[in-house]
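**Student:** Chains as they are written, first to last, in the numbering used here: chain A, 3 to 102; chain B, 51 to 488; chain C, 16 to 714; chain D, 2 to 165.
All residues carry an ideal CB built from backbone N, CA and C; glycine is no exception.
Encoded as structure tokens, here's the structure I'll be asking about.
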Amino acid sequence: MITLDHYLYLSAILFFIGVFGVLFRRNLIVILMSIELMLNAVNLSFIAFSRYTASMDGHVFAFFVMAVAAAEAGIGLAILVMLFRNRRTVQADDLTLMRD
Amino acid sequence: MNLELLEGCTREMAENLIIIAKTLFVIAMAFGFLLVVIWFERKGSAFIQDRVGPNRAAILGVRLAGFIQNFADVTKLIMKEMFIPGEVNRIYFILAPFIGFTFILTSFAVIPFADNLRIGGFDIPMQVADLNVGVLYILAITSLNVYGIVLAGWSSNNKFSLLGGLRSTAQMISYEIPLGLSIVGIFMVFGSLHLNEIVRAQGELLFGFLPRWGIFVQPLGFIIFISAAYAEANRTPFDIPEGESEIVAGYHVEYSGMRFALFYMGEYIALVLSSALVVTLFFGGWQIPYLDTSDLIRHASVVLKVLLLGGAAMSLAAAIAFIGYAKRLKGTWGDIHDREGHVLTTFAVLALAVFLVVLFWLWNVEFPDWAARTIALISQVGMFLIKVLFFGWLFIWVRWTLPRFRYDQLMGLGWKALIPLSFINILISGLVILLVQR
Amino acid sequence: MESYLWIIPFSPLIGAAINGALAILYSHKEKGPREEIISFIGCAAPLASFVIALMIFIRMIGMDEADRILEQTLFPWIWSGALNIEVAFFVDALSMVMVLVVTCVGTIIHFYSIGYMAKDRGFARYFSYLNLFMFAMLTLVMGKNLPLLFVGWEGVGLCSYLLIGFWYSDIYKAAAGKKAFIVNRIGDFAFLLGIFVVYVATLEHGAGTLDFPALSGLVAAHPEAFRGVATAAGILLFIGACGKSAQIPLYVWLPDAMAGPTPVSALIHAATMVTAGVYMIARLSFLYALSPLAMGVVATVGALTALYAATIGICQRDIKKVLAYSTISQLGYMFMAVGVGAFSAGIFHLMTHAFFKACLFLGAGSVIHALRGEQDMFNMGGLSKYMKLTALTFLIASFAIAGVPPLAGFFSKDEILWSTFTSSLSPGWLPMVLWVVTFIAAGITAFYVFRAVFLTFYGKKRLTAEAEAHVHESPSVMTVPLILLAIGSITAGFLGVPQVLGGSNAFHHFLSPAVGAAEHVTHAVQGAGDSVQAIGAAAHAAKEAAAGGVQLSSYTGEVLSEAGGGSHGGSHGLEILLMVLSVLIGIAGILVAQAMYIRNPTLPESISRRARGLYNLVYGKYFVDEAYRETLVKPGYFLSEKVFFKVIDVWIIDGIVNGFGVMARGFGTVLRLLQTGVVRTYALFILLGILYLIYRMVG
Amino acid sequence: MEAVAFYIIAAIAVFGALLMITRRNPLAGAFSLVVSLIALAGIYAMLRAELIFILQILVYAGAIMVLVIFTIMLLNLREEELEEPPAGKIKTLIILAAVAFGCYGIIKVLSGAPDEVPRVPENFGSVEKVGELMLTSYLYPFEIISVVLLVAIVGVVLLAKKVI
């Protein structure tokens, strides 16, 4: 018997794997992908709650999250490409212009 | 279908059996088409370039105008060494061809090849997976298809491969959009994402005489769709990813043997899939113009007689033609090939005889319901196959008559022409639907 | 008809918007938009207002006397607690007269401007400003409440500033504009205070309101309560009027305002804007009537200004300056009239003055135009040969201002003098003194105006060579307005022929619903002195007046006819005697001028040589500007430079600002340690925050 | 049956995710993530979210990840550019501890939710139903999202221009 908890645990695990990726990795592409993973984990929660409350609002939210994720990926990758063109690096730790 | 056969089986088992049967049929259909289309390609290109084409491979002297060449090719490819270059990412390199081929094959699952068969308390949809979101399913699977190419291109560790993969990715991302958008018009007109329902809706008549096919209600959508489908299938004039004159063969330059064959077959199956989609969405799928499923069932005997008569007439014509052929060939080569005409004539005469016998036997038989339905089913499947075959031929035709686009032209066409056009198409469709519904 | 009221002010506004947009569109091009289009839009807009105003006037004439009030509410403007102010237009007899004067004279001057401003690069801008002025002025006279009046009041001030400094590339003209604006601000400050006083007073006595009809009703209901308020508010508002209408001590901007184009001087600084103060006092007559003190101040300041400005006018060389001082002087007459309670006489003079002074200004403009900008009268002379029409109309207007019967100025000025003479101002000698002062001023007026006439149009030619080559009669687009205004100068007086001369004084009768009651109250209050009963009687009269209706108008009509008949201490004989005296002194002034500037041109010089000190004093305008500079402007500069800037701004304000900066920097020095620039560190902080939240939720 | 399917799919998803953050080569990571995403799509299908299932494949696996992979291939990073200095042991420990605590905390917060699976109508999660909801109750966010996407498109086009 699979309960709501199972889905939520899965969601939490995936989310924190994403968090770990963001904190642990320095490659911006991987960080971006980790963020996508986190968004997916949230989506899973939405869908699971939706199923267990028999209301479809969660589906709509998941849809919105996907749209935002698509926009985020597009913009993020474009910035990444620009960055690589100008700085020849995709390492997050090399990009500390915000401090100076 | 004999119900007694299923006796003793549980209903669930029966259903599973039916699904397995359908899957097998679809796979067989796909492979059959594959062979036919490759043959089309060979002979078609020869015809257009005014040459003979493959005509040597033969079984017992029978060449079937080069069709047997396919079997020779398959044998060759199976026998060849599957070479793996050094410095490649082995896992992905081996995985890549399978990904592409598998995804293409799975997308056949939702294509309906006949109307639902109501028989023995079952309502069997004539598609492997009866999904409500059929069209979206195909789009989704097609979009995954690109991974095969990308993986192949990247894992080969070859700059031509990589370029081919890059080009392919860009092209597929770009053309997926007009592909999806052009279908939106179809959704709006027929009010469903379910492919079988779309086909069923196309059986109605427009203005009382025109079949309500997609091409007639969505002409602009059709043009966009078929352009984008050509690009998605990497076919000329959009075969930039392969571009043998530019990047040797693109992403599969490092592949050989059966792995290469998988790419090769995947490409042709994609072609067949595109044809099947075009037929399903725009040319009435399995619909026989002016003949509804219920009509077909009601007049099953007439239909069968007409079919048999047609078959007999065609066999007769073939027999006569083959006799002439046999006479012409006599002693040309002095080997087993010379007998081809005779063999073919024999087969034709046999077919004629079978047709006539069956016709005679069935002339006065009253059909039970299941038989009538089966006849309707077979005629619909036949109609579908004929239509798909025509579009397969169209692909070949286009390939051998049109030049290749330049890369920037390809992108320009996709983003600046097809996408805006498909938006306009959606807008116009919406307006017309609104006006008609008033 | 009421629903068309809004068109009157908004039609010029639309014109201003269109012309302004055109001016902006063409601002970067070498040539402006086509003058035909601009002048068509610019003139059609006030003309439309005039036509509508005329239609409304005709309609009003047809109405019952007591009902002659039209109102239109457009939308609520300030809606806050007890303060409810609407954008609403209100036209009674008084406003009607003003609207007609403004639109009529305004339209004529717009047409005149087409010729005067021809080929100027700022043609579109000019018409935009002029139309905007019309809008503001019409808002001023049609506004239903004090704030709306104030909006118009500020609007005309703004347009005045814009138009005085119209040729802003000349630094002196730009400075003149600024001077006008700043001096006006001083008055406006007092004016605002006056509005606040009135509002607070109304709050204390029932509902807070600033609507004129409601205010008048409220004042009439509590006359005793409003006496003190009337004095305070009246004097404050009068200071505002001093600024706008160039009375002592705030008149200094008006002579400088002559830097603007001459039609502007005619429209704004002679005919309409400067009379706003008179209109305002007439509009608030119900309030002023309660306060003998405020009325006395108004009358005295008016009379002094009349004499004072007239004396300066004697020695001016610049033709426009002469007219400017003349305007100040005539405004003094009007203020004296309203100060003695003869509101209708003041408005009557306002109207006639609008015609003849506009005519004089436009005539001067025509001369200046012909002489290519020459304004010094001692470089003119004998121009009547070249510019017959201009000379003729100028002469007519001069006779009008000199008070020669039967021209317009005679009737209006004589009525003011007579009202002053018969008024019941306290102390008892005051009316006599005021009469003498203004009587002398009338003679001086005749002298300096005819001095200008003779110096400009007659006698020897003293033209410069350049002017001589160009002198010509102005085009008809300029002369036709002159003729129209001259006709107005001749005929306008006949609207108010006093009964002693066999007239019916139709003007008074028309105005009586608006100001008649206040005139009556004034006489009652002032005549009775300060005794308690008298105030009670006055209050009774006021109440009676406020009761309104037919009763009121017939009642006040009686009172007025009595006043006209000289019941307040005068008689027919005396009135005629005074009339003859004023005509005689006017003619004497003319003759003296003729003697000094035509028959014996060397006489003025010898006189000025002999009385050099006095001459220099008058020629230097009593050195008021210089005195202001020394006593007010320089200490002001000193204060702002040495105290406000060096001490308060640098030390206190900058110190506070810099202190915040130092504080922020201090915090920043600490907080910057957190900012590593590494995005993942920030992500770690976010995670820690989330973990804390989770901890709170779990724990 | 259902439980087995769930555990298998969940294991694939977690495994793919773990692989994604541990592979040094981002392309390998991206492919792992694709696997994980497709597994998640399977879970959506189990939860009867038909539309989201399809969209997950179509949008995430089919579009976003293709874009990511495309970018990776476009950058074509050399081996030495992929070098990451190893994270400090203490830092790793801290992060691991934080993540473990977070995981535990969330699970603790979330546990105890209702277990019953409610009955839902046949067309739960279908395109028609979700679309209807989206164009009625959520019309305003829906429009906003379309504007967001438009802005993103404009932004990307602007960024992609060679000259800045």
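What are the boundary residues of the alpha helix (DSSP H) that M58 of chain A is part of?
**Tutor:** No alpha helix (DSSP H) holds M58 of chain A; DSSP gives it neither H nor E.
**Student:** Go through its chain and collect everything with a Cβ distance to G564 of chain C's Cβ below 7 Å, but skip five positions before and after it.
**Tutor:** Low confidence applies here, because G564 of chain C scores a pLDDT of 38, under 50, leaving its location unreliable and the question unanswered by this model.
**Student:** Starting from F473 of chain B, trace the beta strand (DSSP E) both ways and give me its first and last residue.
**Tutor:** Where F473 of chain B is concerned, there is no enclosing beta strand (DSSP E), although the alpha helix (DSSP H) it sits in stretches over 469-487.
**Student:** Any C-beta of chain A within less than 7 Å: which residues of the stretch 670-702 of chain C qualify?
**Tutor:** Residues Q690, T691, G692, V693, V694, R695, A698, L699, L702.
**Student:** Please state whether the Cβ-Cβ distance between V289 of chain C and F350 of chain C is less than 8 Å.
**Tutor:** Their beta carbons are not under 8 Å apart, which means V289 of chain C does not touch F350 of chain C by this criterion.
**Student:** Rounded to the nearest angstrom, how far is the Cβ of L357 of chain B from that of A426 of chain B, given a contact under 8 Å?
**Tutor:** With 8 Å as the limit, L357 of chain B and A426 of chain B do not qualify as a contact, their Cβ atoms being about 11 Å apart.
**Student:** Quick check: what's the CA-CA separation for M2 of chain A versus V183 of chain B?
**Tutor:** Nothing can be reported for residue 2 of chain A, as the shown portion of chain A is limited to 3 through 102.
**Student:** Tell me whether the stretch 376-389 of chain C and the stretch 484-500 of chain C touch, counting them as touching only if at least three CB pairs, one residue from each stretch, are closer than 8 Å.
**Tutor:** The answer is yes - the stretch 484-500 of chain C touches the stretch 376-389 of chain C, with three or more Cβ pairs under 8 Å.
**Student:** What residues in its chain sit with their C-beta under 6 Å from that of K476 of chain C, if we drop five residues either side in the sequence?
**Tutor:** Here the set comprises G396, G397.
**Student:** Starting from the beta carbon of Y707 of chain C, find every residue of chain D whose beta carbon is closer than 9 Å, and list them in chain order.
**Tutor:** Near Y707 of chain C there are no residues of chain D at all, since even the closest Cβ is about 10 Å away, more than 9 Å.
**Student:** Quick one: Cα of V595 of chain C to Cα of W450 of chain C, how far?
**Tutor:** Each residue's Cα considered, the two are about 14 Å apart.
**Student:** Shorter than 8 Å from the beta carbon of K109 of chain D to some beta carbon of chain C?
**Tutor:** Yes, its Cβ sits closer than 8 Å to a Cβ of chain C.
**Student:** At 4 residues or longer, and completely inside the stretch 315-350 of chain B: list those alpha helix (DSSP H) runs for me, N to C.
**Tutor:** Listed in chain order, they are 343-348.
**Student:** Chain D partners of T152 of chain B, CB-CB under 9 Å?
**Tutor:** Result: empty, since nearest Cβ-Cβ is about 13 Å, beyond 9 Å.
**Student:** Is Y710 of chain C close to chain D? Criterion is C-beta to C-beta, closer than 8 Å.
**Tutor:** Yes - at least one Cβ of chain D is within 8 Å of the one on Y710 of chain C.
**Student:** What are the boundary residues of the beta strand (DSSP E) that N124 of chain D is part of?
**Tutor:** Premise fails: N124 of chain D is in no beta strand (DSSP E) and is neither H nor E.
**Student:** Residue range of the alpha helix (DSSP H) that I329 of chain C falls in?
**Tutor:** Unbroken alpha helix (DSSP H) run through I329 of chain C: 307-330.
**Student:** Where DSSP assigns a beta bridge to T88 of chain C, which residues make up the other side?
**Tutor:** Its beta-bridge partners are C:A103.
**Student:** Against chain D, with Cβ distances strictly below 8 Å, would G215 of chain B count as a contact?
**Tutor:** Chain D contact via Cβ: present.
**Student:** I need the straight-line Cα distance from Q177 of chain B to E51 of chain D, nearest angstrom please.
**Tutor:** Between Q177 of chain B and E51 of chain D, the C-alpha separation is close to 18 Å.
**Student:** Judging by CA-CA distance, which residue of B:G462, B:L341, B:L471, B:E304 is the nearest neighbour of G230 of chain B?
**Tutor:** Closest by alpha carbon: B:L471.
**Student:** In angstroms with no decimal places, state the Cα-to-Cα distance between D203 of chain C and C257 of chain C.
**Tutor:** Going from the Cα of D203 of chain C to the Cα of C257 of chain C covers about 9 Å.
**Student:** Counting contacts by CB-CB distance shorter than 8 Å, is E144 of chain D in contact with chain B?
**Tutor:** Not one chain B Cβ lies under 8 Å of E144 of chain D.
**Student:** Starting from the C-beta of F301 of chain C, find all residues in its chain whose C-beta is less than 6 Å away, skip the five residues before and the five after it, and write them out in chain order.
**Tutor:** The answer, listed in chain order, is S231, V234, A533.
**Student:** Which residues in chain C have a C-beta closer than 9 Å to the C-beta of G103 of chain D? List them in chain order.
**Tutor:** Those within 9 Å of G103 of chain D in chain C are L702, I705, L706, I709.
**Student:** Hey, I265 of chain B and F332 of chain B: beta-carbon distance below 8 Å or not?
**Tutor:** Yes; because the gap between Cβ atoms is below 8 Å, this pair is in contact.
**Student:** Just to confirm my understanding: we take I416 of chain C, look at its own chain, exclude 5 residues before and 5 after, and list those with CB closer than 6 Å. What are they?
**Tutor:** These residues qualify, in order along the chain: F371, G424, V464.
**Student:** I65 of chain D and A75 of chain A look like a contact to me (Cβ under 8 Å); what is the Cβ gap, rounded to whole Å?
**Tutor:** Sure, about 5 Å apart at Cβ, within 8 Å.
**Student:** Can you give the Cα-Cα distance for M132 of chain C and K336 of chain C, rounded to whole angstroms?
**Tutor:** Rounded to whole angstroms, M132 of chain C to K336 of chain C spans 20 Å at the Cα level.
**Student:** Between the stretch 388-396 of chain B and the stretch 141-154 of chain B, do three or more beta carbon pairs fall short of 8 Å?
**Tutor:** Result no; under three Cβ-Cβ pairs closer than 8 Å.
**Student:** Quick check: the stretch 514-530 of chain C against the stretch 143-158 of chain C, are at least 3 beta-carbon pairs closer than 8 Å?
**Tutor:** With the cut-off at 8 Å, the stretch 143-158 of chain C and the stretch 514-530 of chain C do not touch.
**Student:** M35 of chain A versus chain D: which residues are under 7 Å apart at the beta carbon?
**Tutor:** What M35 of chain A touches in chain D: M21, G30, A31, L34, V69.
**Student:** Are any of the Cβ atoms in chain B nearer than 8 Å to that of L150 of chain D?
**Tutor:** Closer than 8 Å: no.
**Student:** Expressed to the nearest angstrom, what Euclidean distance is found between the alpha-carbon atoms of E577 of chain C and T437 of chain C?
**Tutor:** Any reading at E577 of chain C must be qualified, since the residue scores a pLDDT of 42, below 50, and its modelled position is unreliable; the value itself is stated next. Approximately 12 Å, taken between the alpha carbons.
**Student:** Determine, using beta carbons only, whether V21 of chain A and G103 of chain D come nearer to each other than 8 Å.
**Tutor:** In contact: V21 of chain A and G103 of chain D (Cβ atoms closer than 8 Å).
**Student:** Confirm, please, whether the CB-CB distance from V83 of chain A to L75 of chain D is below 8 Å.
**Tutor:** Yes. Within cutoff.
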